[in-house]
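Residue numbers are given in my numbering: position 252 of the sequence shown equals residue 265, and the series is strictly consecutive. Beta carbons: idealized from backbone N, C-alpha and C, even for Gly. Below: one structure, written as C-alpha cells.
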Amino acid sequence: MNDPQSIKEAVRSRYAQRAQEARKNGARCCGSDVITRDLYAPQEVAFIPANAAVFSLGCGNPTALTELRPGEVVLDLGSGAGLDVLLSARRVGPTGKAYGLDMTDEMLELARQNQRLAGVPNAEFIKGEMENIPLPDATVDVIISNCVVNLSPDKDRVLCEAYRVLKPGGRMAISDIVIRGDIPEALRRDLEAWAGCVAGALSDMEYEAKLRAAGFEDFSMETVRSYTLSDMEDKSCWKCLAELALEERERVVSRFTSSFVRACKPGGR
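As C-alpha cells, this is what we get:
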C-alpha cells in the first residue's frame with residue numbers, strides 16, 4: 014500500500030501539471046474526458062471563463078445537488094480551476110460567500126484568475142488540505158466537492174473535518190467516484206490510478222460507514238453513471254489492468270460509477 018505522502022504528492026503533481034497546461038494552452042487542452050463531459054448546461058456557465066468552464070476535472074455537478082440559498086456560506090473541497098465555487102457564489106448572492114479549498118498553488122492561481130475574469134467578488138480561494146480545513150468550527154452552511162474526496166488517503170479525517178466546519182443542520186453534497194463491488198489490489202496500489210480518481214475510490218458501503226462514523230445523518234447515494242471499458246480506454250491510469258483478460262477488464266471498470274452523495278449534520282432545526 015502506498016504511504017499517504019506519496020499519494021498526496023502524486024495527486025499534487027498531476028493537478029499542477031493540468032493547471033499549467035490550462036494556463037499555457039487555454040480551453041484547447043481540456044474537455045475531452047468522457048467523465049467530465051456535458052456536466053453543466055451552457056446557460057449555467059455562460060458567465061464563467063472558458064478555462065474554468067471547460068477545465069472541469071469533476072464527475073458531476075455538485076451545485077445541482079442541493080438548494081443554495083441567499084446569504085449562505087459554501088465550501089468546495091478541492092476547488093481546482095474554480096468552476097463550482099464561482100457558480101455557488103452567484104447562487105448565494107452578495108450576502109453569501111463561497112470558499113474554494115485546494116492544496117495546489119498552480120490550481121489556486123488559475124482559480125483566482127478565473128474569478129477576476131468572471132467578476133465574482135464573494136468568492137475566496139484558500140490554500141490547504143481537506144484533512145485539515147483552515148476554517149473555524151461551525152462556519153459553513155453547505156460543503157460541496159467534485160470528484161476529490163476519493164483522492165485523499167485519509168477519508169475518515171476529511172469527513173470529520175467537513176462535519177466540524179459545518180453548522181448544525183448544514184448539508185454536504187458531493188459528486189464522487191463510488192465502487193459497486195471489489196477491485197484488484199494492483200489497482201489500489203497504483204499511484205497513477207490513485208491520482209486519476211480510480212484507486213482511492215470507496216465502495217458504497219464504505220462511504221456510508223464513514224459518513225455514519227463522522228456523525229452525519231440523512232445520507233443518500235445515487236448512481237448517476239456506470240462506466241464502460243470504452244469510456245476509459247484512453248486513460249493511462251488503467252494501464253495496470255492491461256494484462257487482464259478483456260472480460261475481466263470490463264467487469265472491473267463496470268464497478269466504477271459517478272455518484273451523488275448527500276448528507277446532513279444534525280441540529281439546526
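Taking a contact to mean a Cβ-Cβ separation below 9 Å, would you say residue i touches residue j in this structure?
i, j, result
"A226", "L172", "yes"
"Q128", "L99", "yes"
"V162", "D189", "yes"
"V155", "L259", "no"
"A111", "A102", "yes"
"M116", "M143", "yes"
"D195", "R177", "no"
Compute the Euclidean distance between the alpha carbons of residue i and residue j, then round it to the nearest angstrom.
i, j, result
"R41", "L123", "Because R41 carries a pLDDT of 39, less than 50, the predicted location of this residue cannot be relied on, and no value is offered for it."
"A186", "P107", "22 Å"
"C277", "I157", "12 Å"
"S272", "G132", "31 Å"
"P134", "C160", "25 Å"
"V191", "F269", "6 Å"
"I146", "R31", "23 Å"
Is residue i buried or exposed, if buried means 16 or more other CB atoms sit within 10 Å of its CB?
i, result
"A175", "buried"
"P62", "buried"
"N74", "buried"
"G295", "As shown, the chain starts at 14 and ends at 282. That puts residue 295 outside it, with no answer to give."
"E261", "exposed"
"D97", "buried"
"T76", "buried"
Mapping the DSSP letters down to three states, classify residue i as helix, strand or coil.
i, result
"K223", "helix"
"T270", "strand"
"T236", "strand"
"V161", "coil"
Apart from the five residues just before and just after residue i, which ones in its own chain have a Cβ nearer than 8 Å to its Cβ?
i, result
"F232", "E221, L224, R225, V274, R275, A276, C277"
"A29", "T117, D118, E119, M120"
Say yes only if the C-beta of residue i is nearer than 8 Å to one or more non-hydrogen atoms of the ligand NAD, and no if none qualify.
i, result
"V133", "Among the components of this structure there are no ligands whatsoever, and the ligand NAD is therefore not found."
Between residue i and the rest of its own chain, which residues show a CB-CB distance below 7 Å, the 5 nearest in sequence each way excluded?
i, result
"K168", "V162, L215, K223"
Starting from the C-beta of residue i, find all residues in its chain whose C-beta is less than 6 Å away, skip the five residues before and the five after it, and write them out in chain order.
i, result
"V86", "K110, V153, D154"
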